[in-house]
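Written out below as structure tokens is the structure these notes cover.
Residue numbers (full-length UniProt numbering): 1 to 530.
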């Protein structure tokens, strides 16, 4: 027995020696490759030039990550910013993979320039998230426009609804911010948290993902207590349990968790084989920036036969247009002269397609009847107003097709999808990016909870907590927006009357109005789905 034990021990030593010999060339190959970020042990200082971490006397390879975020847009940057801002996750090795050269820009954007036509309407819930991760103070240094009022009406002239932040005791309903300002603010915050932000961002594209095989996982499951490169496990053997990311610049990375934040046509989602459900709407949206004589401080939305048109304040005398119409109409409006387009916008927001809503006997009856249902909302007594006229279009006009998409799964082993990679919705309520930021906040929270108990950040059981939380909220909002799109895309007499009744109800039933506002602001869940 002793002889056999000695023989086995010698055999194991020869195996480890052989493995070490195989790894040395590999280590040399990666020696000069930049790591994702400088690592520091708890209490250490991140950002040193030595971007490897010593664990048990062995240095972790610079190509091995904890989290690889594919996609450096608003949602991907929000995940990275959230992780870097929390004490338990700020020392995780994180990489952002995106070839967009805009990620190199990290200075405040001037307010004197013409606003970009790509904007987002962020809710108070999103603003709170940005404040929590320290990014909102950078937004405040750049162009943004709060709005405390909103008016929604139908082209038939049968009804309208006005909302006011005072209805729910708030200062504002939302804030319109250029997408590039949101990205820039997140980058500036990341730069504050990371001295080596240049080593976090990989300006390249993902080519392929290779997930660990089940046989390898079964044979070598790393435990939470094992260091990344423990003495009894070589780097090469450890990588077998990680996701391999092959990049377009020839480099390869290995990560415990890959986050797909690469948009509606997500390469990560497609490589992972995650199926989706969805459909294309027979509509396109045209977006641009217009100018007024005076400043606009209200969000306006009118439902037209071909789709809604929204006029959103963006600061100074500028507003953003989001106009949903048929693909043929979008092409025609895109090719119009600036003067013709402005005339078409003003017609759509004012006297075109139908009359202005007017107060009638039904309005007075409903206002009197529902005034006893509780504290009357401030906006109940507000009259219909005509939006400010556009005097010129000051940006290019971009048209894009509209669709709905929802992933069957948000997560799998060592993989999570966020934002448009997991779901896309109709833009009629401007909720798409807010759902994405909700994903970012929830995923960062789950990762933090996992780190706090020593879990593997790529563990499926851990990631499923994120999916359970966000899928319910996202499916609910998707259903509501899809329902609105279908209801308001049909011009049918009885349905027009039903829509008018809905406008009247939202205008005069204060509890309903407050519930709609709170749900749209991200403060509460819609009762139907609670």
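Just so you know, even glycine gets a beta-carbon here, dropped at the ideal spot from N, CA and C. Fair warning: this is a prediction, and the values are worked out from it, not measured in the lab.
Its Cα nearest to that of residue 418, the residue 405 stands out among 312, 209 and 405. Rounded to the nearest whole angstrom, the CA to CA distance from residue 79 to residue 514 is 31 Å. Nearest Cα to residue 192 within the set 134, 498 and 154: 134. Around residue 170, the same chain offers 124 as residues with beta carbons nearer than 7 Å, after the five sequence neighbours per side are excluded.
Around the C-beta of residue 474, 16 or more other C-beta atoms lie within 10 Å, and the residue is accordingly described as buried.
Rounded to whole angstroms, residue 376 and residue 160 show a C-alpha spacing of 17 Å.
Between residue 100 and residue 66, the alpha-carbon positions lie close to 23 Å from each other. The C-beta distance from residue 282 to residue 240 rounds to 48 Å, too long to fall under 8 Å, and the pair is not in contact. Contact annotation: the segment 314-334 does not touch the segment 265-273, with fewer than three C-beta pairs closer than 8 Å. Around the beta-carbon of residue 91, 16 or more other beta-carbon atoms lie within 10 Å, marking it buried. With a 10 Å radius around the Cβ and a threshold of 16 neighbouring Cβ atoms, residue 339 comes out exposed.
In this structure, the CA atom of residue 460 is about 20 Å from the CA atom of residue 266. Listed as beta-bridge partners of residue 474 by DSSP are no residues whatsoever. Residue 487 sits close to residue 499, with the two beta carbons spaced by under 8 Å. Pairing residue 456 with residue 244, the inter-Cα distance amounts to about 17 Å. For residue 404, the enclosing beta strand (DSSP E) has its first and last residue at 398-407. Residues of the same chain with a CB within less than 6 Å of the CB of residue 202, apart from the 5 flanking positions on each side, are 95 and 97 in chain order. Where residue 85 is concerned, the enclosing alpha helix (DSSP H) starts and stops at 74-85.
Counting only runs of 4 or more residues that sit fully inside the segment 146-215, the alpha helix (DSSP H) segments are 179-193 and 197-200, in chain order. Taking a C-beta distance under 8 Å as the contact criterion, residue 82 and residue 310 do not qualify as a contact pair.
Within the same chain, 141 and 142 come within 7 Å of residue 108 by CB-CB distance, once the 5 residues on both sides are set aside. Pairing residue 300 with residue 151 gives a Cβ-Cβ distance under 8 Å.
A straight-line Cα-Cα distance of about 23 Å links residue 288 and residue 484. Given a length threshold of 3 residues, each whole run of the beta strand (DSSP E) inside the segment 286-317 is given here in chain order: 298-304 and 307-315. A Cβ-Cβ separation of about 46 Å leaves residue 408 out of contact with residue 386 under the 8 Å criterion.
Shown here, residue 256 sits in a strand according to DSSP, grouped into three states. When secondary structure is reduced to three states using DSSP, residue 376 falls in the coil class, being assigned neither helix nor strand. Only buried fits residue 308, as 16 or more other CB atoms lie within 10 angstroms of its CB. By the 16-neighbour rule on beta-carbons within 10 angstroms, residue 63 is buried.
Looking at 353, 251 and 397, the one whose alpha-carbon comes closest to that of residue 491 is 353. Residue 425 and residue 199 have their C-alpha atoms spaced approximately 34 Å apart.
Here the alpha carbon of residue 128 sits roughly 43 Å from the alpha carbon of residue 493. Within 10 angstroms of the beta-carbon of residue 414 lie 16 or more other beta-carbons, which makes it buried. Bounds of the beta strand (DSSP E) holding residue 120 are 119-122.
Annotated three-state conformation of residue 242 is coil, per DSSP. Counting along the chain, the unbroken alpha helix (DSSP H) around residue 447 starts and ends at 432-452.
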